[in-house]
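As structure tokens, the structure follows; a few thoughts come after it.
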Amino acid sequence: YLTSIYQAATNVVFALGPPAINLGTSGNFVVLAKSGISTVPNSAITGDIGVSPASASAITGFSLIRDPSGTFATSTQVVGSVFASDFTTPTPSNLANAVLAMQAAFTDGNSRTTNAVINVGAGTLTGLTLAPGLYTWSNTVNVVTSLTLSGSATDTWILKIAGEFNLATAQSIILTGGALAQNVFWVVTGSVSIGDGSAFAGILLAATDVTFVTKSTINGRILSQTAVALQKATVINQPAPVVPVTPTPPTSTPVTPTPTPPTSTPVTPTPTPPTSTPTSTHTVTVTVTATPT
């Protein structure tokens, strides 16, 4: 109730930021689908893409060139590698594990309920700003005018949608305040449509089909349990990975010993009697002066 009052007064919705969803090995892909990935050339994709259990024949419009190793393919539309379940080992098992991780991530996100803000805008979002938090909708969500997610680089958003998700033509998901696409999770049960010339941001965990219409863009990942259709001039950029801060050990600078000048009092060496079995490769010369008896 208080959230609703504040939203009406300021058009800003506040919630508690939830723990991030673990993508597992599905996070190795910028586009991962079970039944197919299609493009109307030219799309521009940065990152690896893959299909499983579908075969390479379900990746259409990319003019794939198979690597001699047989484990992956390339395309002029992909800055990265293309994988399919019928490629050479270990690709099939890697993809199968990634698909399992994708499904687990969707299940995790779809089960979240703690501190959820429910049905913001009754599913029609017009010029809203959402603070970090868990947001759930029991129906279709339409972003009519650009939606802003405002928070820091460590904040998280989970947007759980039981119906379809539609981003209108020439609209955007805007990240402000340092918010990162890798911390925004869209968990969508219905189909997803990103409109002509629109800009989407976040990790899209979709149970069904995903379509990016002409000239639409995404800063994020598309992980679909069915098919992904990328229409002409779609640009996809995977979010920068979170790099853990590892303490850097101090570098050791070799110390060059400084010769010590001889002291004024000469040091007389003590003769060392030779052993029966020499153990050193160095030759030590000792001068012995006879003493008269």
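Numbered per the UniProt record's numbering, the sequence shown spans residues 1 to 293.
Note that beta-carbon positions come from the ideal geometry of N, C-alpha and C, so glycine has one too.
Rounded Cβ spacing between residue i and residue j (contact assumed at less than 8 Å)
i      : j      : result
Ile194 : Phe200 : 5 Å
Thr234 : Phe212 : 5 Å
Ser55  : Ser85  : 6 Å
Thr39  : Gln77  : 6 Å
Ile158 : Pro18  : 5 Å
Ala105 : Ser150 : Wrong, their Cβ atoms sit about 24 Å apart, outside the cutoff.
Val30  : Ile236 : 6 Å
Where residue i sits in the DSSP three-state scheme
i      : result
Thr156 : coil
Thr226 : coil
Val40  : coil
Val120 : helix
Gly220 : strand
Asn142 : strand
Pro19  : coil
Gly133 : strand
Where the alpha helix (DSSP H) through residue i begins and ends
i      : result
Gly109 : 91-111
Residues that DSSP places opposite residue i in a beta bridge
i      : result
Ile59  : Ile37
Thr46  : Val79, Asn237
Ala73  : Arg66, Val82
Ala30  : Residue identity differs from the one stated: residue 30 is Val in this sequence, not Ala. Paired residue(s): none; Val30 is not in a bridge.
Thr114 : Paired residue(s): none; Thr114 is not in a bridge.
Leu125 : Val143
Endpoints, beta strand (DSSP E) assigned at residue i
i      : result
Leu147 : 147-150
Ala84  : 78-84
Gly50  : 49-51
Phe165 : 165-167
- [ ] Please specify which runs of the beta strand (DSSP E), each continuous and at least 3 residues long, are wholly inside the segment 169-218, giving them in chain order.
- [x] 173-176, 184-188, 192-194, 199-206, 210-212
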